[in-house]
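Read the structure below first, then the notes.
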Amino acid sequence: MNNDKLYQNFKTRWKEVTELPPQNLGPLTPVYKQTVPYLKIAPWRVLLPVAFVMVAAIALLLEITAVQIASLLQRGF
Numbered sequence: 006m007n008n009d010k011l012y013q014n015f016k017t018r019w020k021e022v023t024e025l026p027p028q029n030l031g032p033l034t035p036v037y038k039q040t041v042p043y044l045k046i047a048p049w050r051v052l053l054p055v056a057f058v059m060v061a062a063i064a065l066l067l068e069i070t071a072v073q074i075a076s077l078l079q080r081g082f
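Remember, my numbering sits 5 above the position in the sequence shown when you count from 1.
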């Protein structure tokens, strides 16, 4: 009989701990819900083009050449 009560307490506590409310990011929630499925399935389809555009933008803004990037990376190692 005592085991049943202990088990019921365990089940009640388990439900409290494992239940998560839906995530809310305020005004960004719709954007979050649209982008997360793409990132979960194949993140490289999104991350590679974004990374390429960011690198190109930084290189153009800072006027860094490929030789300068290579020498900077060589100094790092």
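Don't be surprised by glycine CBs; every beta carbon is placed ideally from N, CA and C. Computed from a predicted model, the values in this text were never measured in an experiment.
Residue state for isoleucine 69 is assigned as coil, using DSSP reduced to three classes. Taking C-alpha positions only, valine 72 is separated from proline 32 by approximately 43 Å. Look at asparagine 29 here: in three-state DSSP terms it is coil, with no helix or strand label.
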